[in-house]
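Down below is the structure, laid out as structure tokens.
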Amino acid sequence: MSVRILGSSFATSAVEVIILKMLHMFEIPFLLVGTFKYISSAFNPKLSATLFLNRL
149 MSVRILGSSF ATSAVEVIIL KMLHMFEIPF LLVGTFKYIS SAFNPKLSAT
199 LFLNRL
């Protein structure tokens with residue numbers, strides 16, 4: 149994530165920013181899966197189901 153953020157600050161053209169923003173599509177699924185795995189293991193299953201449905 150830091151590569152994308154720092155790269156966006158140093159990008160000089162719109163194409164560079166677009167390419168760096170496309171890295172976002174690879175980061176988000178891993179962050180969401182990790183977050184939901186943590187929530188489901190640390191909290192009540194009813195809460196994790198509620199949070200999952202609110203995210204959709």
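149 is the number of the first residue of the sequence shown in this note's numbering; add one for each residue after it. Beta carbons: idealized from backbone N, C-alpha and C, even for Gly. Since the model is a prediction, treat every value here as computed from it, not as a measurement.
>> Using the three-state DSSP reduction, which class does F191 fall into: helix, strand or coil?
In response: Note: F191 maps to coil in three-state DSSP.
> Would you say I187 and L179 are within 9 Å of each other, going by their C-beta atoms?
Replying inline: It is not a contact, given that the beta carbons lie outside the stated cut-off.
> Rounded to whole angstroms, how far is the Cβ of L171 from the Cβ of A159, which I believe are closer than 8 Å?
Replying inline: About 12 Å separates the two Cβ atoms, so there is no contact after all.
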